[in-house]
Amino acid sequence: MKILVIVALLLSASTVLAGTRVEGVRLWPAPDHTRLVLDTAGLVEHNVFSLSGPSRLVIDLKDAALSTDFSKVDLSGSPIQRIRSAPRNGNDLRVVLDLKSDIKPRSFVLEPNQQYGHRLVVDLIDEQGSRLDRATSPTVTQDSAGKRDIIVVIDAGHGGEDPGAIGPRGTREKDVVLRMAKRLADLINQQKGFTAKLTRTGDYYVGLRNRTLLARKYNADLFVSVHADAFRTPQPRGASVFALSQRGATSETARWLAQSENRSDLIGGAGGVSLDGRDDMLAGVLLDLSMTASINASLGVGDSV
14 MKILVIVALL
24 LSASTVLAGT
34 RVEGVRLWPA
44 PDHTRLVLDT
54 AGLVEHNVFS
64 LSGPSRLVID
74 LKDAALSTDF
84 SKVDLSGSPI
94 QRIRSAPRNG
104 NDLRVVLDLK
114 SDIKPRSFVL
124 EPNQQYGHRL
134 VVDLIDEQGS
144 RLDRATSPTV
154 TQDSAGKRDI
164 IVVIDAGHGG
174 EDPGAIGPRG
184 TREKDVVLRM
194 AKRLADLINQ
204 QKGFTAKLTR
214 TGDYYVGLRN
224 RTLLARKYNA
234 DLFVSVHADA
244 FRTPQPRGAS
254 VFALSQRGAT
264 SETARWLAQS
274 ENRSDLIGGA
284 GGVSLDGRDD
294 MLAGVLLDLS
304 MTASINASLG
314 VGDSV
């Protein structure tokens with residue numbers, strides 16, 4: 014009887030000592046990075062660092078225990094060869110990623126939302142050059158008059174860890190809009206004088222600003238972001254078209270103007286006007302005129318959809 018009591022006390026103590034638990038793991042490979050997500054029972058303190066010879070990434074979680082099986086994770090398409098873990102310092106957990114090559118790590122925690130609880134996110138960024146760095150203007154045809162194809166960049170919203178809206182039967186927005194984007198790209202590429210590019214071609218997440226930066230790298234004439242919004246009832250039909258709000262444009266303009274190295278990129282596509290060497294007031298006026306023209310043109314395209 015005394016032995017049973019002692020065992021029970023030990024089990025109880027170990028539960029108390031583990032402040033949180035790693036309850037699940039998900040992996041999202043993308044062209045320029047791989048996202049590792051650890052589902053935790055609560056907020057967790059962590060530290061991430063790299064080791065070489067061989068390449069490894071170490072994730073230390075303070076006051077945590079493991080309640081999932083890393084061996085069941087599909088590592089195909091990722092830079093990870095193996096995931097292993099062990100207790101550390103009594104109450105902590107160490108997770109080690111054995112890597113195929115060196116990567117640049119980036120980590121952050123996310124609070125619970127409608128789909129998930131607490132999460133620790135670790136991005137493994139390709140050191141050999143991101144997709145954004147490798148992106149170049151697509152090969153476009155040019156007729157005898159010197160006219161080139163119109164380049165349309167199609168952005169399938171959400172992706173990877175971000176499912177978007179979820180239907181009553183579990184249909185995920187990220188899957189629906191990716192199929193729509195691919196179909197739309199096929200239709201556009203069948204039209205003479207048009208070339209379509211996609212911001213993502215699979216189930217992975219692309220940062221919001223990287224989506225527009227990809228469009229700039231592709232020298233896009235038109236950027237179309239595809240979404241499938243949720244609603245309380247099944248009655249609504251059809252589509253809605255939105256352009257950037259003036260309030261959103263103002264805040265984004267201020268952020269970019271503060272970074273002088275981005276000025277030439279901002280105005281690019283507006284008649285080749287450059288912001289280089291301009292003072293802040295003139296740069297702001299030129300950019301405001303360009304953005305107003307872009308919004309008006311976007312609304313004009315929307316009326317034709």
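So for the sequence shown, the working numbering puts the first residue at 14; every next one is plus one.
For every residue, glycine included, the Cβ atom is placed at its ideal position computed from N, Cα and C.
Buried or exposed: residue i, going by 16 or more other Cβ atoms within 10 Å of its Cβ?
| i | result |
| --- | --- |
| A310 | exposed |
| S150 | Only weak support is given to the placement of S150: the predicted model assigns it a pLDDT of 48, under 50, and the question is left unresolved by the model. |
| V318 | exposed |
| D87 | exposed |
| P181 | exposed |
| A306 | exposed |
| G172 | buried |
| L312 | exposed |
| V254 | exposed |
Within the continuous alpha helix (DSSP H) that includes residue i, where are the two ends?
| i | result |
| --- | --- |
| E186 | 186-202 |
| N60 | No alpha helix (DSSP H) holds N60; the beta strand (DSSP E) holding it covers 59-64. |
Does DSSP classify residue i as helix, strand or coil?
| i | result |
| --- | --- |
| T47 | strand |
| K85 | helix |
| D111 | strand |
| A256 | coil |
| S98 | strand |
| L56 | coil |
| V314 | helix |
| A306 | helix |
| V122 | strand |
| F236 | strand |
| D242 | coil |
| D216 | coil |
| K160 | coil |
| N275 | Confidence is the limiting factor: at N275 the pLDDT is only 44, short of 50, which leaves the residue's position unreliable, though a coordinate-based value still follows. Here N275 sits in helix by DSSP. |
| A178 | coil |
| G170 | coil |
Roughly how many angstroms lie between the CA atoms of residue i and residue j, to the nearest whole one?
| i | j | result |
| --- | --- | --- |
| P44 | Y129 | 25 angstroms |
| V165 | P42 | 25 angstroms |
| T33 | V57 | 7 angstroms |
| R161 | G220 | 29 angstroms |
| L133 | G90 | 21 angstroms |
| A209 | V61 | 39 angstroms |
| Q94 | P125 | 29 angstroms |
| I280 | R213 | Only weak support is given to the placement of I280: the predicted model assigns it a pLDDT of 42, under 50, and the question is left unresolved by the model. |
| G183 | T47 | 25 angstroms |
| A243 | L191 | 16 angstroms |
| L137 | L110 | 10 angstroms |
| K195 | Q204 | 15 angstroms |
| P249 | H240 | 15 angstroms |
| V314 | M193 | 18 angstroms |
| L123 | V38 | 14 angstroms |
| G251 | V71 | 49 angstroms |
| I308 | A256 | 6 angstroms |
| F121 | T225 | 23 angstroms |
| Y231 | V237 | 13 angstroms |
| T246 | A178 | 14 angstroms |
| L235 | N202 | 14 angstroms |
| L211 | I163 | 14 angstroms |
| D52 | F207 | 43 angstroms |
| P118 | L74 | 15 angstroms |
| E174 | D316 | 33 angstroms |
| I116 | D139 | 5 angstroms |
| K187 | A99 | 35 angstroms |
In the DSSP assignment, find the beta strand (DSSP E) that holds residue i and state where it starts and stops.
| i | result |
| --- | --- |
| K230 | Taken as a continuous stretch (DSSP letters only), K230 belongs to no beta strand (DSSP E), being part of the alpha helix (DSSP H) at 221-230. |
| K210 | 207-211 |
| D73 | 69-74 |
| H131 | 131-139 |
| R34 | 33-42 |
Measuring alpha carbon to alpha carbon, tell me which of the options ends up nearest residue i.
| i | options | result |
| --- | --- | --- |
| I96 | F62, M193, L49 | L49 |
| L40 | V318, Q127, D216 | D216 |
| G103 | L79, D234, H131 | L79 |
| I167 | T246, A198, D316, G177 | A198 |
| L227 | A169, D73, I72, V108 | A169 |
| V35 | F255, P118, D82, L211 | D82 |
| G66 | G251, K117, L112, S253 | L112 |
| S63 | L51, D76, R107, A77 | R107 |
| A77 | I201, S84, A54, R69 | A54 |
| S114 | S68, P176, Q127, R185 | S68 |
| V135 | R245, H59, S98 | H59 |
| Q320 | N223, L200, P176 | The question about residue 320 has no answer here: the residues shown for the chain are numbered 14 through 318. |
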